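Residue numbers (our numbering), protein chains in the order written: chain S, 1 to 173; chain C, 1001 to 1101. Just so it is clear, CB atoms sit at the ideal spot from N, CA and C, and this is done for glycine as well. As the structure is a prediction and not an experimental result, all values here were calculated from the model. Just below is one structure, and these are the notes that go with it.
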């Protein structure tokens, strides 16, 4: 077994087991920490796949941004974890995971994929960072701009939702 | 290079765990975490297949997905905070209407 495969399996097992922690834990703070572990594992898989730029984006946006927001939400709305918990959910979630994973694995094992099994990726020698930047500002410039405007609209809209509704409820009181 | 089948299997398992979280949990924040897991499962697939593509479409598309996921969780958290302020709960069984009582 080559070193890269050992690294791959280590991070695959790490990310799947922390995803299972999110599924089964009762405490939502633990779930947020396990989510961080999962996202780090996904970033490591990106590195193994040769997409180092994407791993950095994953770290900055998910671990640095989304997870902090989520933790803020968790701590803002914290309540007794037992009040959300029902025993039947454990059994139900095991059944759901087994059903969905079994069905998808069965479906995909039947499909004849004809992608090439290469020894090395064409991007291994140069890395993808320079090429990605070049492609963003040439072939995919319109998509890039649309997403930029979209993100601006979403951020302003989210601020408006939160502040406007809170202001209104303050006036009612 | 790792065979793409391994990436597909990891992403299938991650996707099924994420959807189980979305289906069974009652706390909104767990549901958001499950949605993040589903997004990440999709990203693993896109990156694994994008390795073979000279135009890196998989990588570019998964960068878009990361951006849209960030936007989604920002809006969702704004809604969660407003709901908590108004109804004092984030239990999906108790949130049954958007109209004010």
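Expected contact under 8 Å - CB spacing of residue i and residue j to nearest Å
i, j, result
"residue 1024 of chain C", "residue 132 of chain S", "Not a contact, Cβ separation roughly 38 Å."
"residue 150 of chain S", "residue 1071 of chain C", "7 Å"
"residue 121 of chain S", "residue 1052 of chain C", "7 Å"
"residue 1076 of chain C", "residue 1014 of chain C", "Incorrect: roughly 20 Å between the Cβ atoms, too far for contact."
"residue 1055 of chain C", "residue 135 of chain S", "7 Å"
Beta-carbon proximity check, residue i vs residue j, cutoff 7 Å
i, j, result
"residue 1028 of chain C", "residue 1081 of chain C", "no"
"residue 1016 of chain C", "residue 49 of chain S", "no"
"residue 1078 of chain C", "residue 22 of chain S", "no"
"residue 32 of chain S", "residue 71 of chain S", "yes"
"residue 1011 of chain C", "residue 1044 of chain C", "yes"
"residue 1061 of chain C", "residue 1046 of chain C", "yes"
"residue 1019 of chain C", "residue 66 of chain S", "no"
"residue 176 of chain S", "residue 1059 of chain C", "Beyond the ends of chain S as shown, which are 1 and 173, falls residue 176 of chain S; an answer cannot be given."
"residue 41 of chain S", "residue 14 of chain S", "yes"
"residue 1002 of chain C", "residue 8 of chain S", "yes"
"residue 1048 of chain C", "residue 1004 of chain C", "yes"
"residue 1092 of chain C", "residue 1026 of chain C", "yes"
"residue 1021 of chain C", "residue 1007 of chain C", "no"
Beta-carbon proximity list for residue i, same chain, < 6 Å, skipping 5 on both sides
i, result
"residue 37 of chain S", "18"
"residue 44 of chain S", "11"
"residue 62 of chain S", "39"
Spatial neighbours of residue i in its chain, beta-carbon cut-off 7 Å, leaving aside the 5 residues before and after
i, result
"residue 90 of chain S", "24"
"residue 74 of chain S", "28, 29, 32"
"residue 1 of chain S", "none"
Cβ shell of residue i (< 8 Å), same chain only, five flanking positions each side left out
i, result
"residue 123 of chain S", "50, 131"
"residue 1057 of chain C", "1050"
"residue 46 of chain S", "52, 54, 55, 58"
"residue 76 of chain S", "none"
"residue 129 of chain S", "52, 53"
Exercise for the section: Please confirm if the stretch 21-39 of chain S is in contact with the stretch 79-91 of chain S, defined as three or more CB-CB distances below 8 Å between the two stretches. Expected result: yes
Problem - the stretch 1054-1067 of chain C contacting the stretch 1035-1043 of chain C, beta-carbon criterion three pairs below 8 Å - result: yes
Practice task
Quick one: which residues of the stretch 76-105 of chain S get their C-beta closer than 7 Å to a C-beta of chain C? List them in chain order.
Solution key: 76, 77, 84, 89, 92, 93, 96, 97, 100, 101, 104, 105
Practice task
Could you please tell me which residues of the stretch 56-67 of chain S, in chain order, have their CB closer than 8 Å to any CB of chain C?
Solution key: 57, 58, 61, 62, 65, 66
Practice task
Can you give me, in chain order, the residues of the stretch 34-45 of chain S that have a beta carbon less than 8 Å from any beta carbon in chain C?
Solution key: 35, 38, 39, 42, 45
Practice task
Identify each residue in the stretch 1019-1030 of chain C for which the Cβ-Cβ distance to at least one residue of chain S is less than 9 Å, and report them in chain order.
Solution key: Taking 9 Å as the Cβ-Cβ cut-off against chain S, the residues of the stretch 1019-1030 of chain C that qualify are 1019, 1020, 1021, 1023, 1024, 1025, 1026, 1027, 1028, 1029, 1030.
Problem - the stretch 139-166 of chain S: positions lying closer than 8 Å to chain C by Cβ - result: 139, 140, 143, 147, 150, 151, 154, 155, 157, 158, 159, 161, 162, 165, 166
Exercise for the section: Check distances from the C-beta atoms of the stretch 121-138 of chain S to those of chain C and list, in chain order, the residues that come in under 9 Å. Expected result: Identification of residues in the stretch 121-138 of chain S having a C-beta nearer than 9 Å to some C-beta of chain C yields 121, 122, 123, 124, 128, 131, 132, 135, 136, given in sequence order.
Exercise for the section: Output, in sequence order along the chain, the residues in the stretch 17-34 of chain S whose CB is closer than 8 Å to any CB in chain C. Expected result: From the stretch 17-34 of chain S, only 19, 20, 22, 23, 28, 31, 32 have a Cβ closer than 8 Å to chain C.
Problem - Residues within the stretch 1033-1061 of chain C neighbouring chain S, beta-carbon criterion of under 8 Å - result: 1033, 1034, 1036, 1037, 1040, 1043, 1044, 1047, 1048, 1049, 1050, 1051, 1052, 1054, 1055, 1056, 1059, 1060
Practice task
May I ask you to list, following chain order, the residues of the stretch 1068-1081 of chain C that have a beta carbon less than 9 Å from some beta carbon of chain S?
Solution key: 1068, 1069, 1070, 1071, 1072, 1073, 1074, 1075, 1076, 1077, 1078, 1079, 1080, 1081
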